Every structure is written in C-alpha cells, then in structure tokens.
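Residue numbers (the working numbering): 1182 to 1315.
Beta carbons: idealized from backbone N, C-alpha and C, even for Gly.
Here the structure is a predicted model, which is why all the values come from computation and not from measurement.
Below is one structure; the comments refer to it alone.
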C-alpha cells in the first residue's frame, strides 16, 4: 500500500540537453552580472570625478571670496586713512581768475540748521494748558 514514487525515465540525450541549456542560462546570467558590475564601477568613477571637480570649484570659490574680502578691506583702509587735503582749497574757477586763497568764516550757530525744533503740541499738552496744569 505504500505509494511508489513515479519516476520519469530520462534518457541520456535529454539529460545532456538539459545540462547544456542550464549552462547556457548560467553563462547569460554571468554575462549580465559582469555588465552590471562594470556599469557600477563606471558610475563610481564618474561620481568620484564629479565630487573632486565640485571640491576643486568650491576651493576656488572660497579662495576668490577671501581675496575679494582682502581687497575690500584694503580699499576701505585706504578710504578711511585718506590724508587730509589742503584746507585752503581753491576751486578751479577762482584759480583761473588769479585767486590764490580765500578765507571762509564758520557759520554762526544762530544761522545753522542745528537749532532745536519746537516740540509738537500733543493732545495731552493742550488738555494740560486748558486746565492750567503744568
């Protein structure tokens, strides 16, 4: 009553054909894997190249930024440390008419624009004045 396993009788030629087909499948899989590995290596090299280019560009930009900052500081120092020009400045027109120098007296404080402006009258000030509170 034990069930017997049914085995298929396979001939020697069928076994060889199956083996040949299996080996061709393995060869195709191997070729595909080799192609994928080569593509991966190629992509890694491209990525490394791009990263090095980006790093070099970043370094150049940082260097240019530093040089711009140094130049800007030098210009600002030059502007701030500008030597005092002659106080006896003679405009070109006067120089053409033979005037060598002229004296300018400083403005009086009364005529200057530095006078205090009168305070604006607010509602609070007007109410205080109306009720005589001071």
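Per DSSP, what kind of secondary structure is residue 1302 in: helix, strand or coil? It is coil, neither helix nor strand.
For residue 1262, three-class secondary structure by DSSP: Three-state DSSP puts residue 1262 in coil, outside helix and strand.
Can you find a C-beta in chain C that's less than 8 Å from the C-beta of residue 1257? Protein chain content of the structure displayed is limited to a single chain, and chain C is not contained in it.
Suppose you measure from the CA of residue 1314 to the CA of residue 1307; what does that come to, to the nearest Å? About 10 Å.
Please state the DSSP three-state secondary structure of residue 1191. Here residue 1191 carries a coil assignment [DSSP, helix/strand/coil].
Reduced DSSP category for residue 1182 - H, G, I as helix; E, B as strand; rest coil: Because residue 1182 carries a pLDDT of 45, less than 50, the predicted location of this residue cannot be relied on, and the following value inherits that uncertainty. In this structure, residue 1182 counts as coil in the three-state DSSP scheme.
Residue 1204 (DSSP reduced to helix, strand or coil): Residue 1204: helix per DSSP, three-state reduction.
Backbone CA spacing between residue 1222 and residue 1257 [nearest angstrom]: Separation of residue 1222 and residue 1257 (C-alpha to C-alpha, rounded to the nearest whole angstrom) is 52 Å.
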